Amino acid sequence: AAAPSQYTVTLFPGDGIGPEIAESVKRIFNAADVPITWDTHIIDVHAAKPGEDLISKEALDSVRRNGFGLKGPMATPIGKGHRSLNLTLRKELGLYANVRPCVSIPGVDTLYHDVDVVTVRENTEGEYSGLEHVVFPGVVESLKVITRDASMRVCEYAFEYAIQNNRKRVTAVHKASVMKLSDGLFLECANEVAERHKDSGIEFQTLLIDNAASLLVSNPALLDVMVMPNLYGDIISDLCAGLIGGLGLTPSGNMGTGCMLAEAVHGTAPDIVGQNRANPTALLMSALMMLRHMQLRPQAQLIERSVYTVLQEGVVRTGDIGGTSTTTEYTDAIIRKMDQLR
Ligand code: NAD
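Residue numbers for the sequence shown follow full-length UniProt numbering, beginning at 25 and rising by one.
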């Protein structure tokens, strides 16, 4: 079917610097003529009564209906008995895979200059099953749950992503040498999915998690798309963010059943809120992942090239990456650059 010409996207600006960086994304998308209407939902975490879900049914229905959502950072209220925000979103929207592309950004000084990796993390089970108990004082058991359904689904998505985004290889990361049954099942599923895609031109490889960690810090250029169980993905995706300059620059997308929720992975930055100093790059790059998913690649390409050029020129930069510019100045610079590159 042809892609629709106009999209509605659910927007959760979030707390802290969230509204400031969301405004920046909206201005840039507007200037790039991206055919999106925003359906904005303000989640007031402080207004929610104890025991209540933080995200309303109406807001969740909006994402389900639109198929796309963009989420800014949200403060997590501590000790009020709410179901965690991320847990609610994950469960209600069936967010089964977290995808984090990490690409070296020209002009942003880091130890590595040739990073171009994508972490696809299983997002629903593994060590995050929440099943822990005290056997007797001093001894605790925690259950790691791996299912065939979730493993097949996330590996299938990794291949789909690799094909759609012209990647060369998918690497399944595991520790089946020790966790023979659980990671063994994950690996078996990865092999099965790879077999199904053997004519796709995508290479397949398996790698122990410890070897993957070592390779990522010695020669990250050797890795491409990586798919792995939940906990490994949690750690490796942050490691990859570190390779390219930190969480302020890395996009993230959550794939759900019939929907996608793009989000910045950093927090609400309470120390700089309201000062027009926040870096909107991570939220913007997450929104670009969403555009590519909508097949709005030309717009995504133009915006991305403009961001990279502005960062490479190094004149207009926010404080977190060594500059002195405001969020507004940085946003203006990207918009001006788009006009030049168009
Ligand atoms: P944080 O990411 O908010 O801040 C850590 C440091 O990074 C701060 O110095 C901050 O100024 C800086 N920083 C983060 N994002 C930035 C940006 N875009 N531009 C410039 N600087 C940036 O982490 P924290 O202080 O541990 O958490 C603060 C709040 O955010 C907490 O309530 C936490 O629960 C919440 N949080 C939410 C999410 C989310 O919604 N996904 C993720 C992490 C933390």
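For every residue, glycine included, the Cβ atom is placed at its ideal position computed from N, Cα and C. What you are looking at is a predicted structure, and each value in this text was computed from that prediction instead of being measured.
For A55, the enclosing alpha helix (DSSP H) has its first and last residue at G42 to A55. At a threshold of 8 Å, M314 does not count as near ligand 1, since its beta carbon sits no closer than that to any of the ligand's heavy atoms. DSSP places G280 in the strand class (E or B) of the three-state scheme.
For V33, the CB contacts under 8 Å within the same chain, skipping 5 residues up- and downstream, are I60, T61, W62, D63, N90, F92, G93, L94 and M314 in chain order. If you check the CB distance, N303 and D344 come in under 9 Å.
By the CB criterion at 9 Å, E156 and P253 fall outside the cutoff. Leaving aside the five residues that flank L167 on each side, the residues in its chain whose CB is nearer than 6 Å to its CB run, in chain order, S153 and L155. Contact between L240 and L247 holds: CB atoms are separated by about 6 Å, below the 8 Å threshold. When the five nearest sequence neighbours on each side are left out, the beta carbons in the same chain lying within less than 8 Å of the beta carbon of V139 are those of C126, V127, S128, P244, A245, C264, L267 and I268, in order along the chain. Counting only residues of its own chain and dropping the five nearest sequence neighbours on each side, A56 has a CB closer than 7 Å to the CB of Q323, L326, I327 and M362.
Taking a contact as a CB-CB distance under 8 Å, the pair M176 and C213 counts as one, their CB atoms being some 5 Å apart. For a cut-off of 8 Å, the C-beta gap from T195 to L211 is around 12 Å, too long to register as a contact. Every residue with a CB closer than 5 Å to a heavy atom of ligand 1 is listed here in chain order: P97, M98, A99, T100, G272, H290, G291, T292, A293, D295, I296, A302, N303 and D344. Annotation for I79: no beta strand (DSSP E) segment contains it, and DSSP assigns it neither H nor E. P125: not part of any alpha helix (DSSP H); member of the beta strand (DSSP E) spanning A121 to V127, first to last residue. About 18 Å separates the Cβ atoms of L109 and M279, ruling out a contact at the 8 Å cut-off.
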